[in-house]
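K.L.:
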Amino acid sequence: MSARAVPGAPTEERAWWLRTLLVLGSPRSVFAALRDDSQEAAHARQEPLLAIVWLAGIAGVLMSGITGRVLDDAEFDGLVLVVWAFLAGGIEGLFGYFLIGGLVFFAASLLGSLGTFRRARHLVGYAAVPLVLSLVVWPVRLAVHGSDTFRTGGSDTGSGATAFTVLEAAFVAWAVVLLTIGVRTVHGWGRLRALAVVALAATPLVLLFRALDVVSSWEF
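In our numbering, each residue's number is its place in the sequence shown (first place is 1) plus 66.
1) Under a Cβ-count criterion, where at least 16 other Cβ atoms within 10 Å of its own Cβ denotes burial, should Pro93 be classed as buried or exposed?
2) Please classify Asp139: does DSSP put it in a helix, a strand, or coil?
3) Do Val252 and Leu177 have their C-beta atoms within less than 8 angstroms of each other?
4) Alpha carbon to alpha carbon, how far is Ala107 from Ala69? Give it in angstroms, no decimals.
5) Closer than 8 angstroms by C-beta to Leu121: which residues in its own chain qualify, once you throw out the five before and the five after it? Chain order, please.
6) Going by the CB atoms, is the gap between Leu169 and Ala236 shorter than 8 angstroms?
7) If we count Cβ pairs, one from each stretch, closer than 8 angstroms, do we get three or more for the region 201-218 versus the region 124-142?
8) Can you tell me where the alpha helix (DSSP H) with Ile166 in it begins and where it stops?
9) Put Arg85 into one of helix, strand or coil per three-state DSSP.
10) Where does Leu258 sit, in a helix, a strand or coil, going by DSSP?
11) Give a single yes or no on whether Leu208 has its beta carbon closer than 7 angstroms to a heavy atom of the ligand FMN.
12) Run the CB neighbour count on Gly191, radius 10 Å, all protein chains shown included, and call it buried at 16 or more, exposed below.
13) Distance check for Val195 and Thr86, CA to CA, integer angstroms please.
14) Out of Trp204, Tyr163, Val232, point me to the one whose CA is closest to Arg185's CA.
15) Out of curiosity, what's the CA-to-CA distance linking Arg257 and Val243?
16) If I'm right that Pro114 touches Trp83 with Cβ under 8 angstroms, what's the distance once you round it to whole angstroms?
17) What number of angstroms, rounded off, separates the C-alpha of Thr182 from the C-alpha of Phe171?
18) Ile118: which of Ile157, Thr133, Ile132 sits nearest, CA to CA?
19) Can Gly248 and Ala193 be called in contact, C-beta distance under 8 angstroms?
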């Protein structure tokens, strides 16, 4: 007798969409599910991961130093700003997804991992959900500072601007914590070994971001 599908039973794709929220409160269960690196499981994760990566990239673009002066150019207006953030965010998100995924894969391999590059990328993707969540701060920021957020000088200075910067840093730190939990859970390793993987992967990133900050401060 053939098994019948249970009406309303969640599909694998729906389960992975739900895990985009679950990872914020119960990360270990989500990262444990990533141990299944079969083709079917990986395919079920594709759409949620694309959404996470793209939105996290937008958050990353908005956190960058260039955002604070993008409207200094008279040719930029609100519509161009939205299109720029969307397209640049997608590019940055996908670039970061593969770059950070590769660094985590390489670092974990050095410490004995037998996992795949694909699984490392997916781990990085779900660890980036706090960056997506950081976008909820932007309506408040725009309500407080308006378009000055995207211009040099103006009202987006002082303690208010510092508070938003601290919030952004907190979301980034949250993502790093999730990445550490993910490495530890997926591989079944101890805390120190997982921290070592994250530290090895983060070192070239810190140097890269520092170089980008220096370049973005140049006057052309």
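The C-beta atom is built at its ideal place from N, Cα and C for all residues, glycine as well.
P.N.:
Inspection of the coordinates gives the following:
1) Pro93 sits buried, since 16 or more C-beta atoms from the chains shown fall within 10 Å of its C-beta.
2) The answer is coil: DSSP assigns Asp139 none of H, G, I, E or B.
3) For the 8 angstroms CB-CB criterion, Val252 and Leu177 do not form a contact.
4) With a pLDDT of only 44 at Ala69, under the threshold of 50, the placement of this residue in the model should not be trusted, and no figure is reported.
5) Gly155, Gly159, Leu197, Val198, Leu201, listed in sequence order.
6) Not in contact: Ala236 and Leu169 (Cβ atoms no closer than 8 angstroms).
7) Short answer: they touch.
8) Element bounds for Ile166: 144-176.
9) In the structure shown, Arg85 sits in a helix (DSSP, three-state: H, G or I).
10) Three-state result, Leu258: helix.
11) Within the structure as shown, the ligand FMN is missing, as the structure has no ligands at all.
12) That one is buried.
13) Rounded to whole angstroms, the gap between the alpha carbons of Thr86 and Val195 is 7 angstroms.
14) Ranking the options by Cα distance to Arg185, first place goes to Tyr163.
15) The straight-line gap from Cα to Cα measures roughly 11 angstroms.
16) Distance from Pro114 to Trp83 at the Cβ level is roughly 5 angstroms; contact confirmed, criterion being Cβ atoms closer than 8 angstroms.
17) Spanning the two alpha carbons is a distance of roughly 7 angstroms.
18) Per the Cα distances, Ile157.
19) Yes.
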